Amino acid sequence: VPTEYVVMDFTSVTAMDATAARSAFLILQKYCSNHAITVVYAGASTQIRNVLLKNEITGDESFYSSTESALEFCENQLLGCGTSFDTASTCQHCW
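End of the sequence shown = 95 in the UniProt record's numbering, gap-free, step of one.
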């Protein structure tokens, strides 16, 4: 089964600089994009989110407040629901 989603859990990450964002996460994002893999970021602090956005690693749509909501997004996408926990949408196949 091919990988379709990667969830990056940032709940324990306290800081990140632009060098880390560009050297690690830009490479990850490009690799995943080239292989039709969606990367989502869970629990990132405002500082980390801003670094990733400012360095054009990803867009706002890729951030979720918690690992649970990021995983739920992925699950819903795999089930064809197209909804997410963060938007308080529900999917009849998921519940």
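Even glycine gets a Cβ: it sits at the ideal position worked out from N, Cα and C. Nothing here was measured: the structure is a model prediction, and the numbers come from that model.
Thr46, buried or exposed, once every other Cβ within 10 Å from all chains shown has been counted against 16: exposed
Sequence-distant residues of its chain with Cβ nearer than 7 Å to Leu28 (five each side left out): Val39
Euclidean distance between Cα positions of Leu26 and Ile57: 5 Å
6 Å Cβ shell around Leu52 - same chain, five flanking residues per side excluded: Ala21 and Thr58
Cβ neighbour criterion (16 or more within 10 Å) applied to Ser33: exposed
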